[in-house]
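Colleague: If you scroll down you'll find the structure; I have some questions about it.
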Amino acid sequence: MNNRRKIAAGNWKMNGLRQALSEVEALHAANPNPNCEVVICPPATLIRSMAKICGEMEINVGGQDCHENNAGAHTGDISAEMLADTGATHVITGHSERREAYAETDALVRSKSQSAWAAGLVAIVCIGESLAHRKAKDTLEIVGAQLSGSIPDGATGENLVVAYEPIWAIGSGLTPTLDEISEVHDFIRAQLISRFGEATGNAVRILYGGSMKPDNATEIGALANVDGGLVGGASLKAADFSRIVAAL
Ligand code: PGA
1 MNNRRKIAAG NWKMNGLRQA LSEVEALHAA NPNPNCEVVI CPPATLIRSM AKICGEMEIN
61 VGGQDCHENN AGAHTGDISA EMLADTGATH VITGHSERRE AYAETDALVR SKSQSAWAAG
121 LVAIVCIGES LAHRKAKDTL EIVGAQLSGS IPDGATGENL VVAYEPIWAI GSGLTPTLDE
181 ISEVHDFIRA QLISRFGEAT GNAVRILYGG SMKPDNATEI GALANVDGGL VGGASLKAAD
241 FSRIVAAL
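Below is the structure:
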């Protein structure tokens, strides 16, 4: 056993109008005193209202991305400082959908994570291999390179959460076997310890993401180096997400 507190993090992606805020109230009603940390990353348009609703609840609110600069001529972008200003405490960086659709590199993800820390946010840094890499048995090599390239120096157990999300498992209903998940999470733990030292390396939470559901969250969450989940589809409805929160 370790003393890392598990995290149930919901990534709503580009889903949710104002009426979806009622899901947060329903989640709170279902788990008023969760054993794990709960974070919801709604679209940026809902952060302010969600943070207000969550003020009295044990639910944290996060962004799904941030720009690497604090301010400037970057039409359409939002900075980490702005997310913090509007009530967010966390931000996802390097999600595979952004790495793919916006060609985000490890170096950019590292800058974004750095600016998240400068704004006082917890960075949830995402890494994960494609199906082609998995089939070519390159998973650990890819994940190792993303890990060292995407995480700035100065990580602590408080400012960094790593999310391992195999791209082929996201939104597909497919998940790696428990042994495959363990292999990657154990590898990430070893890499974190070798770079940041025993204490910090053991304190950083490592989440699994990719088709986590109420019916697989218990067994995945029980693996030694799995400290919770980053959940997309199953975080949208309180009925599902509250079961994942309870499982973790
Ligand atoms: P999913 O998404 O749970 O819908 O597979 C996870 C994610 O992309 O963070």
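When you line the sequence shown up against the working numbering, it's residues 1 to 248, in that order. C-beta: ideal position from N, C-alpha, C; glycine also.
(1) Hey, is ILE124 close to the ligand PGA, as in C-beta under 6 Å from one of its heavy atoms?
(2) Could you give the C-beta distance for ALA8 and VAL231, rounded to a whole number, given that I count them as a contact under 8 Å?
(3) Is LEU248 near LYS6, with beta carbons less than 7 Å apart?
(4) From the DSSP output, read off the bridge partner residues of GLU37.
(5) Locate the alpha helix (DSSP H) running through ALA239, then write down its first and last residues.
(6) Going by C-alpha to C-alpha distance, which of ASN33, MET57, VAL184, GLU97 sits closest to TRP12?
(7) Can you tell me the Cα-Cα spacing of ALA163 and SER79, whole angstroms?
(8) Tell me, please, whether the stretch 15 to 25 touches the stretch 65 to 73 by the rule of three or more beta-carbon pairs shorter than 8 Å.
(9) On the CB-based measure, 16 or more other CB atoms within 10 Å of its CB, does LYS137 come out buried or exposed?
(10) Using beta-carbon positions only, say whether ILE127 and LEU147 come within less than 7 Å of one another.
(11) Would you identify the three-state DSSP class for ALA84, choosing helix, strand or coil?
(12) Going by DSSP, what residue range makes up the beta strand (DSSP E) through ALA163?
(13) What separation, rounded to the nearest whole angstrom, lies between the Cα atoms of VAL24 and ALA246?
(14) Taking the C-alpha atoms as reference points, what is the distance between ALA199 and ARG4?
(15) May I ask you to check if the CB of GLY94 is nearer than 6 Å to at least one heavy atom of the ligand PGA?
(16) Near LEU223, which residues of its chain fall below 7 Å by C-beta distance, leaving aside the five closest residues on each side in sequence?
(17) If you compare alpha carbons, which of THR75, GLU165, GLY229, ASN2 is closest to ALA94?
(18) Among VAL143, GLY149, SER115, which has the Cα closest to the Cα of THR105?
(19) Are the Cβ atoms of ASN15 and LEU236 separated by less than 7 Å?
(20) Report the residue ranges of all alpha helix (DSSP H) runs contained in full by the stretch 119 to 151; include only those spanning at least 4 residues, in chain order.
(21) Give the secondary structure of ASN60 by DSSP, where H, G and I count as helix, E and B as strand, and everything else as coil.
(22) Buried or exposed, going by whether 16 or more other CB atoms sit within 10 Å of the CB of ASN60?
(23) Is any non-hydrogen atom of the ligand PGA found closer than 6 Å to the C-beta of ILE170, if you look at the structure I gave you?
(24) Can you tell which of MET212, PHE187, GLY171 has the C-alpha that lies nearest to the C-alpha of ALA145?
(25) In this structure, what does DSSP give as the bridge partners for ILE92?
(26) Strictly by DSSP, which residues pair up with HIS269?
Modeller: Quick look at the numbers:
(1) At a cut-off of 6 Å, the beta-carbon of ILE124 does not count as near the ligand PGA: no heavy atom of the ligand is closer than that.
(2) Contact between ALA8 and VAL231 holds, with the beta-carbon distance rounding to 7 Å and staying under 8 Å.
(3) Remark: C-beta atoms of LEU248 and LYS6 approach each other more closely than 7 Å.
(4) Looking at the DSSP assignment, GLU37 forms a beta bridge with ILE7.
(5) ALA239: member of the alpha helix (DSSP H) spanning 238 to 247, first to last residue.
(6) Nearest neighbour of TRP12 by Cα position, chosen from ASN33, MET57, VAL184, GLU97, turns out to be GLU97.
(7) One C-alpha to the other measures close to 21 Å.
(8) Counting C-beta pairs with one atom in each stretch, the stretch 15 to 25 and the stretch 65 to 73 have fewer than three that are closer than 8 Å, which means they do not touch.
(9) Exposed, since its Cβ has fewer than 16 Cβ neighbours within 10 Å.
(10) The answer is yes: Cβ separation under 7 Å.
(11) Collapsing the DSSP output to three states places ALA84 in a helix.
(12) Its beta strand (DSSP E) spans residues 160 to 164.
(13) Between VAL24 and ALA246, the C-alpha separation is close to 15 Å.
(14) Straight through space, the alpha carbons of ARG4 and ALA199 are spaced by roughly 12 Å.
(15) Not under cutoff, so the answer is no.
(16) Same-chain partners within the cutoff: LEU178, ILE181, SER182, HIS185.
(17) It should be noted that the sequence gives Gly, not Ala, for residue 94. Checked all of THR75, GLU165, GLY229, ASN2; the closest Cα to GLY94 is GLU165.
(18) Distance check between THR105 and each of VAL143, GLY149, SER115 places GLY149 closest, using alpha-carbon atoms only.
(19) Yes, Cβ-Cβ distance for ASN15 and LEU236 is below 7 Å.
(20) Listed in chain order, they are 131 to 135, 139 to 150.
(21) Strand, per DSSP.
(22) Counting Cβ neighbours within 10 Å, ASN60 comes out buried, since at least 16 surround it.
(23) At least one heavy atom of the ligand PGA is nearer than 6 Å to the Cβ of ILE170, so yes.
(24) Closest option to ALA145, Cα to Cα, is PHE187.
(25) Partner residues in the beta bridge of ILE92, as assigned by DSSP, are ILE124.
(26) Because residue 269 is not part of the residues shown, which for the chain are 1 to 248, the question remains open.
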